[in-house]
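One structure below.
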Amino acid sequence: MSASLLRRAALAFIGGLSGTPAAVTVAAAKDAAPLFPLSSAVKAAAGETPAVSTAAAAVDATPAVVSTDAAVAAAASAAAAPEEPAAAKPELSAIVPLTAEERVKIAKDFAECEQMKDKALSTRKVRFLFENLARIGALVPEPERFVQCVPCDIPVSAAVIHDQDDNIGLVLCQDKKLKQDDINIVIAHELVHVYDLARAEIDPKSCEQLACMEIRASLLSGECSRDEEMRRGVISFLPQMAHLPVCVKRRALNSCRINPHCNGPEQSKEAIERVFARCFQDTAPFYTIP
295 MSASLLRRAA
305 LAFIGGLSGT
315 PAAVTVAAAK
325 DAAPLFPLSS
335 AVKAAAGETP
345 AVSTAAAAVD
355 ATPAVVSTDA
365 AVAAAASAAA
375 APEEPAAAKP
385 ELSAIVPLTA
395 EERVKIAKDF
405 AECEQMKDKA
415 LSTRKVRFLF
425 ENLARIGALV
435 PEPERFVQCV
445 PCDIPVSAAV
455 IHDQDDNIGL
465 VLCQDKKLKQ
475 DDINIVIAHE
485 LVHVYDLARA
495 EIDPKSCEQL
505 ACMEIRASLL
515 SGECSRDEEM
525 RRGVISFLPQ
535 MAHLPVCVKR
545 RALNSCRINP
555 HCNGPEQSKE
565 AIERVFARCF
575 QDTAPFYTIP
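Offset between the sequence shown (1-based) and my numbering: plus 294.
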């Protein structure tokens, strides 16, 4: 299945959000980011500047949020490009020629993904993240519409995508055959990115800011729990709080090293080291590491 299928499916999904409020429009924030400059809207809430939507900042920074993968960033850009009228909502059959077997597989994958998505959206952590997005004034569609399952052939499990009208959504790659715990974690990971985009003005070309986002997402999503590490075959005899920074750095490096704005593993590692102490301590919107 070609990458164009993801791009067109993503475009159709985003088209379905037409008429909803811009997904990242911030009125106020509970906590200031330690590294990112506060968004104009947050400053406006404090009486410093006129209120300005940070949707544009989210659009500029989204390629960093798409699991920091260049292929996904290209897919997000293609989704935003005016290659088709905004009103067009093509059926899958009109996107690429599919065999009967492929249709059955897509339908089966979609049903399984939707079932796990619904369970993930009911978890305490995911509900908490959505509640705090609303608390800082980020207007997102209801979770069931914000998170969508689509077929894709990219080497990531989830992506935050956007269109030229500032509509934003979280896409789950339904053909990755993830387990329920994986779905819970990837949704939480991407929601931490959305939270950072909503509360701060992100420079998408700053490897340090991208590194900070990945540190926070790896720390707060649960992907560095002892159980998750054991599932990856990583066994550590260190206490969990001693091993946690090791895991977070490794996971953040895996994401940053493939981002074109970090220019490979060496610059990624240097950026992570420069911001790690600061970003590791930033657990917003949680009061402590969940």
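Here a beta-carbon is modelled for each residue, glycine too, at the ideal position from N, C-alpha and C.
Run through the DSSP bridge pairs and tell me what residue i is partnered with.
{"i": "Q442", "result": "V465"}
{"i": "H456", "result": "I462"}
For residue i, count the other beta carbons within 10 Å of its own beta carbon; 16 or more makes it buried, fewer makes it exposed. Which is it?
{"i": "P579", "result": "buried"}
{"i": "L532", "result": "exposed"}
{"i": "D521", "result": "exposed"}
{"i": "R439", "result": "exposed"}
{"i": "G558", "result": "exposed"}
{"i": "K471", "result": "exposed"}
{"i": "V569", "result": "buried"}
{"i": "K411", "result": "buried"}
{"i": "E495", "result": "buried"}
{"i": "E484", "result": "buried"}
{"i": "I529", "result": "exposed"}
{"i": "A536", "result": "exposed"}
{"i": "V398", "result": "exposed"}
{"i": "A394", "result": "exposed"}
{"i": "R510", "result": "buried"}
Tell me which residues share the same chain as residue i and place their Cβ nearer than 6 Å to its Cβ, disregarding the 5 neighbours each side in the sequence.
{"i": "I479", "result": "S515, G516, E517"}
{"i": "F424", "result": "P437"}
{"i": "L415", "result": "P437"}
{"i": "D476", "result": "none"}
My understanding is that residue i touches residue j, with C-beta atoms under 8 Å, so please give their C-beta distance in whole angstroms.
{"i": "P556", "j": "A565", "result": "The question names Pro, yet the displayed sequence has Cys at residue 556. C556 to A565, Cβ: 6 Å. Contact."}
{"i": "L464", "j": "V441", "result": "5 Å"}
{"i": "C541", "j": "E523", "result": "6 Å"}
{"i": "K413", "j": "Q474", "result": "6 Å"}
{"i": "I481", "j": "P445", "result": "Not a contact, Cβ separation roughly 18 Å."}
Excluding the five sequence neighbours on either side, which residues of its own chain have a C-beta within less than 7 Å of the C-beta of residue i, listed in chain order?
{"i": "R421", "result": "none"}
{"i": "T417", "result": "N478"}
{"i": "P539", "result": "F574"}
{"i": "K563", "result": "L547"}
Between residue i and chain E, is there a C-beta pair that is closer than 8 Å?
{"i": "K473", "result": "Of the protein chains in the structure, only one exists, and it is not chain E."}
I'd like the list of long-range same chain contacts for residue i, defined as Cβ closer than 8 Å, with 5 residues on each side in sequence excluded.
{"i": "E502", "result": "L329, A565, R568, V569"}
contact_flag[the segment 534 to 554, the segment 495 to 509] where n(CB pairs < 8 Å) is 3 or more: yes
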